[in-house]
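Here the sequence shown is numbered in the numbering used here, starting from 3 and rising by one per residue.
We put the beta carbon where it would ideally sit given N, CA and C, even for glycine.
Small disclaimer: the values here were computed from a predicted structure and weren't measured.
Heads up: the structure comes next, in structure tokens.
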Amino acid sequence: MLTFRELRDMLDSAGIAMSETTLSDFDPPRAGLGGVFPLPRGSLQTAGIEEDLTSNDVVSADGRAAFPEALQEFSTGALNVHLLELLCCRGGCVMGAGMSVELPPFARRAHVSRQVQSQRASFDRAAWSVEMEQLRDLPIGRSFQTASQSMPTPSADEIRTIMIEMGKVGPDDELNCGACGYDTCRAHAVAIFHGLAEDEMCLPYTIERLKKTVQKLDLSNTKLASTQQALVQAEKLASMGQLAAGIAHEVNNPLGVVLLYAHVLLESCDKDLPQAKDLAMIVEQADRCKKIVSGLLNFARQNKVVLLPTKIADLVSRSLRGVVPPVGIEVVVDHQDPTASADLDADQIRQVLTNLLTNAVAAMPAGGRLTVRSGANQEQVWFAVEDTGMGIPKENMKRVFEPFFTTKQMGRGTGLGLAVSYGIVKMHRGNIRLKSNADASAGPTGTTFTVTLPRFERREESMSFLAPEDEGREDAR
Ligand code: SF4
3 MLTFRELRDM LDSAGIAMSE TTLSDFDPPR AGLGGVFPLP RGSLQTAGIE EDLTSNDVVS
63 ADGRAAFPEA LQEFSTGALN VHLLELLCCR GGCVMGAGMS VELPPFARRA HVSRQVQSQR
123 ASFDRAAWSV EMEQLRDLPI GRSFQTASQS MPTPSADEIR TIMIEMGKVG PDDELNCGAC
183 GYDTCRAHAV AIFHGLAEDE MCLPYTIERL KKTVQKLDLS NTKLASTQQA LVQAEKLASM
243 GQLAAGIAHE VNNPLGVVLL YAHVLLESCD KDLPQAKDLA MIVEQADRCK KIVSGLLNFA
303 RQNKVVLLPT KIADLVSRSL RGVVPPVGIE VVVDHQDPTA SADLDADQIR QVLTNLLTNA
363 VAAMPAGGRL TVRSGANQEQ VWFAVEDTGM GIPKENMKRV FEPFFTTKQM GRGTGLGLAV
423 SYGIVKMHRG NIRLKSNADA SAGPTGTTFT VTLPRFERRE ESMSFLAPED EGREDAR
């Protein structure tokens, strides 16, 4: 068999350019109606044979599906015919895969018909009869030997493996839609086995894969955005920490002097004198300043972290003893593992717990429930402080760890408690997370802070959450 594409290649390799040749008819002997061979039933028409639908003597079958079926039926005797015209391409050779022109299929067919008609107009039947007579004894028979070129048949397991790779796990996945060019999914799988097709040719499979890729990208984008947000927050806290450290250093010493002299004066002053009250006020306010400075130093990690084995349950009960909840607040403690311990700086983590407990109590002026939970696995310990208070409005959620941010009344809070807690947790290379609902219509209001810390990471040196190698900050809110 020779395709038009192969014919063009042959002409090219022989240096024959079609555009430079002159069109001429075939050399004699003429083929008569042979020009219609590329069309279905063309050979029958050329031979003057008609496909008689009533006699079944002559049958023409064309197309990839029809011709093997006709052969199959012929081999079993179900199709008893004298002449079987078989064309692999449905619609004849002009519709076949080896065509090298881009014309629409039926325009090609019209071209062939027109060409044959123009040849017929100048057809010399007498000359043709003479030529045919001269060639009557020309042997045109062919004999063939069996040389099977059939490809190996894939086993059921091999087909199943290919089908699974195409996402066709069960019968419901086999849509047999034909979008790949094969009539069934199994036929497509067989073609893949023979290296004649790719699984991407399955349209539903490709669409599904694209969908999954888009979903993965979406997820990565979301993670990226949240990491970026956490980085911005960490950087903001770092600059504030540096500023706080500078101010605290400058103010700490003169403040110590003011406090010392104020205390000396107060102690030496007669309690009945009116100046005693003024001095008491100076001492109280200077003490408050001292606390703020100490908070700033903590926030700016001026203290060392000394990690020692510490039982979480003990830490919780000691912290709870320091925060006396008012009447109306029920306290619930739930330790998943009451014996769990971790290498921590107990004083610092107790400060975190105290801050969280104090905030939780302050969030429930009308009473409620304060729950402290803890748990541990091989690598981490965690504790959570949960209140049923008014919750934190969404707009404030991102700011709660900022230094000096507070929603408490003037004089009631320094706005350093959570910032300091954040710093301490980061120095322990842990994370602190916040979950809160302030909208009663969306469910019960309240806030939960969860602190997660590495369990057995022993580091004696001073650590800094401002250090560039800071880890885990993406989880901080
Ligand atoms: S496109 Fe996919 S689903 Fe449709 S027949 Fe081909 S393999 Fe089956």
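Just to confirm, does residue i get its C-beta within under 6 angstroms of one of the non-hydrogen atoms of ligand 1?
i, result
"G169", "no"
"H337", "no"
"H196", "no"
"P206", "yes"
"N58", "no"
"L1", "The structure shown does not extend to residue 1, since the chain is modelled only from 3 through 479, so no value can be given for it."
"A149", "no"
"A181", "yes"
"H84", "no"
"N361", "no"
"E433", "For the sequence presented, residue 433 should be read as Asn rather than Glu. Not under cutoff, so the answer is no."
"H190", "yes"
"C187", "yes"
"L226", "no"
"N178", "yes"
Measuring straight from C-alpha to C-alpha, what distance separates residue i and residue j?
i, j, result
"G34", "A68", "29 angstroms"
"C91", "R66", "6 angstroms"
"V325", "F407", "22 angstroms"
"L281", "P256", "17 angstroms"
"A469", "M429", "With a pLDDT of only 34 at A469, under the threshold of 50, the placement of this residue in the model should not be trusted; the figure read from the coordinates follows. In a straight line, the C-alpha of A469 is about 9 angstroms away from that of M429."
"V266", "L245", "32 angstroms"
"M153", "Q136", "44 angstroms"
"S8", "V216", "The identity of residue 8 in the sequence shown is Glu, whereas the question assumes Ser. Looking at the two C-alpha atoms, the distance is approximately 43 angstroms."
"E480", "N398", "Not covered by the structure: residue 480. The range shown for the chain is 3 to 479."
"R461", "I351", "Note that R461 scores a pLDDT of 48, beneath 50, so its modelled location is shaky; the value from the coordinates is reported in the next line. The straight-line gap from Cα to Cα measures roughly 15 angstroms."
"E71", "K225", "57 angstroms"
"G93", "S62", "11 angstroms"
"G480", "L105", "Lying before the first or after the last residue shown, residue 480 is absent from the chain, which here runs from 3 to 479."
"L310", "D336", "23 angstroms"
"S443", "K400", "22 angstroms"
"K292", "N254", "7 angstroms"
"V402", "D339", "30 angstroms"
Tell whether a beta-carbon distance below 7 angstroms holds between residue i and residue j.
i, j, result
"L298", "A240", "no"
"P156", "V192", "yes"
"D64", "P31", "no"
"S343", "T312", "yes"
"S423", "N357", "yes"
"G448", "G393", "yes"
"E388", "T450", "yes"
"K170", "C187", "yes"
Put residue i into one of helix, strand or coil per three-state DSSP.
i, result
"H84", "coil"
"H1", "The displayed coordinates of the chain run from 3 to 479. Any statement about residue 1 would go beyond what the structure contains."
"P470", "Per-residue confidence for P470 stands at a pLDDT of 32, beneath the threshold of 50, marking its modelled position as unreliable; no derived number is given."
"P2", "With the chain covering only 3 through 479, there is no way to say anything about residue 2."
"D253", "It should be pointed out that residue 253 corresponds to Val in this sequence rather than to Asp. Note: V253 maps to helix in three-state DSSP."
"Q353", "helix"
"S150", "coil"
"K214", "helix"
"A368", "coil"
"A344", "strand"
"K279", "helix"
"N433", "strand"
"S222", "helix"
"E463", "Residue placement at E463 cannot be trusted, given a pLDDT of 43 that sits under 50; what the coordinates show is reported in the next sentence. Coil, per DSSP."
Please find out if some non-hydrogen atom of ligand 3 comes closer than 6 angstroms to the beta-carbon of residue i.
i, result
"A247", "Ligands in the displayed structure: ligand 1; ligand 3 is not one of them."
At least one CB of chain C closer than 7 angstroms to the CB of residue i: is that the case?
i, result
"P141", "Absent from the structure is chain C; it holds one protein chain and no more."
*So does the segment 30–47 actually touch the segment 111–119, counting three or more Cβ pairs closer than 8 angstroms?*
The segment 30–47, when compared against the segment 111–119, does touch it at the 8 angstroms Cβ threshold.
*Three-pair Cβ contact test at 8 angstroms for the segment 365–374 versus the segment 419–434*: As far as the Cβ criterion goes, the segment 365–374 does not touch the segment 419–434, which means the pair count is below three.
*Given 8 angstroms, three or more beta-carbon pairs between the segment 314–322 and the segment 280–296*: They do not touch, by the three-pair rule.
*Three or more C-beta pairs below 8 angstroms linking the segment 258–278 and the segment 435–454*: Under the three-pair Cβ rule at 8 angstroms, the segment 258–278 does not count as touching the segment 435–454.
*Taking three-plus beta-carbon pairs below 8 angstroms as touching, is the segment 78–91 in contact with the segment 11–22?*
Taking 8 angstroms as the limit for Cβ pairs, the verdict is that the segment 11–22 does not touch the segment 78–91.
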